[in-house]
C-alpha cells in the first residue's frame, strides 16, 4: 500500500503493528449504535425537525431586525 511506502520512506516501520490494530478497530462495526439527539429527548424526528426550523428562522429574523435597526443593512 502507499501508506506502507510512506512509512518506509520516513523510517517508521516499527509502529506498523500499532497502526494495523488502530485500522482494524476503526473498521469493526460498533456493537451499540449511537443515540440520536431526538431519541435522547424522546420526541419524534418530525417534531425535532420543526423545532430546529423554528429556531433557525427565529435567529434569521432576529439578525435581520438587528441589521435593519442598526442601519448596517440599509443605511438611512
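In my numbering, the protein residues as written are -19 to 56.
Backbone N, C-alpha and C fix where the C-beta goes; we use that ideal spot for every residue, glycine too.
(1) Quick check: what's the CA-CA separation for residue 25 versus residue -10?
(2) On the premise that residue 54 lies in contact with residue 48, defined as a C-beta separation below 8 Å, what is that separation, rounded to the nearest angstrom?
(3) Express the C-alpha separation of residue 52 and residue 33 in angstroms, rounding to a whole number.
From the atom records:
(1) 49 Å
(2) 7 Å
(3) 26 Å
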